[in-house]
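First residue of the sequence shown? That's 5 in this note's numbering, and the numbers climb one at a time after it.
Read through the structure below, which is laid out as structure tokens, and then see the notes.
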Amino acid sequence: MKEVIKFKSDDGCEFLTEQDCLKYEDLLDKVNFLMLKLEHKPTTCDFSNGRLGYIQQDKGTLQKVGLELLRLANSYYGNNMLKKFIDIYPTEWKPVMNSMAGRYIDDGGVCTLNRAWNRLMCIDDQGREWGQPYYAMNPHEASNQTQLNKR
């Protein structure tokens, strides 16, 4: 038997070296700060099931958050794999459901990037954030069409 020492980040991801964990926690802090720019998302089950409604996000903010998330991911991976997506990222918000950038981020297996990108996948072309990507692609199928963050 061999003893194994692991390091656990603040969000529960495990690493074999302290350096990798610290690098990840730096990314985690940056992603969390970035995602705070979006409107608050309810944590209820009804929101994810399309029964509660949607959160209206500002399209300009979405554009900035999406682009910055791509930059953070590209920097973290360090291989410029996402540079082509940064260079062609749309100047107006469009759903990211079928984006190859999302595929690369998902395949990269970095917890905080996956969670953040998945949240962006829940936003339709009208800037409405639904509880899951299915409703972003099929907003007419959500049982409740109420905007939850009316001011």
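In this text, a Cβ means the ideal position worked out from N, Cα and C, and glycines have one as well.
For clarity, every value in this text was computed on a predicted model and none was experimentally measured.
9 Å Cβ cutoff met for Val69 and Leu124: Residue mapping note: residue 69 aligns to position 65 of the sequence shown, counting from 1. Residue mapping note: residue 124 aligns to position 120 of the sequence shown, counting from 1. Going by C-beta atoms, Val69 is nearer than 9 Å to Leu124.
Inter-residue Cα distance where the pair is Asn53 and Cys115: Mapped onto the sequence shown, residue 53 falls at position 49. Mapped onto the sequence shown, residue 115 falls at position 111. Cα to Cα, Asn53 sits roughly 23 Å from Cys115.
Outcome for Asp50 when other beta-carbon atoms lying within 10 angstroms are tallied against a minimum of 16: Reading the sequence shown from its first residue, position 46 is the one you call residue 50. Exposed.
The region 85-94 contacting the region 21-32, beta-carbon criterion three pairs below 8 Å: no
Buried or exposed by the 16-neighbour rule on C-beta atoms within 10 Å, applied to Asn142: Position 138 of the sequence shown, counted from the start, is the residue given in the question as residue 142. The residue is exposed, with fewer than 16 neighbouring Cβ atoms inside 10 Å.
Buried versus exposed call for Ser43 [16 or more other C-beta atoms within 10 Å across all chains shown]: Position 39 of the sequence shown holds residue 43. Correcting the residue type first, residue 43 is Glu in the shown sequence and not Ser. It counts as exposed.
Start and end residues, alpha helix (DSSP H) containing Arg55: Counting from one through the sequence shown, the residue named residue 55 turns up at place 51. Per DSSP, Arg55 belongs to no alpha helix (DSSP H) and is neither H nor E.
Counted within 10 angstroms of its Cβ, other Cβ atoms place Asn78 as buried (16 or more) or exposed: Locating residue 78 in the sequence shown gives position 74, counting from the first residue. With 16 or more other Cβ atoms within 10 Å, it is buried.
9 Å Cβ cutoff met for Asn153 and Gln60: Start at 1 with the first residue of the sequence shown, and residue 153 comes out as number 149. Start at 1 with the first residue of the sequence shown, and residue 60 comes out as number 56. Yes, Cβ-Cβ distance for Asn153 and Gln60 is below 9 Å.
Coarse secondary structure for Glu133, derived from DSSP in three states: Start at 1 with the first residue of the sequence shown, and residue 133 comes out as number 129. Here Glu133 sits in strand by DSSP.
Per DSSP, cross-strand counterpart(s) of Phe11: Within the sequence shown, numbered from 1, the residue matching residue 11 stands at position 7. Looking at the DSSP assignment, Phe11 forms a beta bridge with Phe19.
Whether Trp121 touches Asp128 by CB criterion (9 Å): Position 117 of the sequence shown, counted from the first residue, corresponds to residue 121. Position 124 of the sequence shown, counted from the first residue, corresponds to residue 128. In this structure, Asp128 does not lie closer than 9 Å to Trp121 by Cβ.
Counterpart residues of Ile127 in DSSP-defined beta bridges: For the purposes of this step, residue 127 is identified with residue 123 of the sequence shown, where counting begins at 1. Answer by DSSP bridge pairing, in chain order: Glu133.
Backbone CA spacing between Tyr108 and Leu117 [nearest angstrom]: As a position in the sequence shown, residue 108 is number 104, starting the count at 1. As a position in the sequence shown, residue 117 is number 113, starting the count at 1. One C-alpha to the other measures close to 10 Å.
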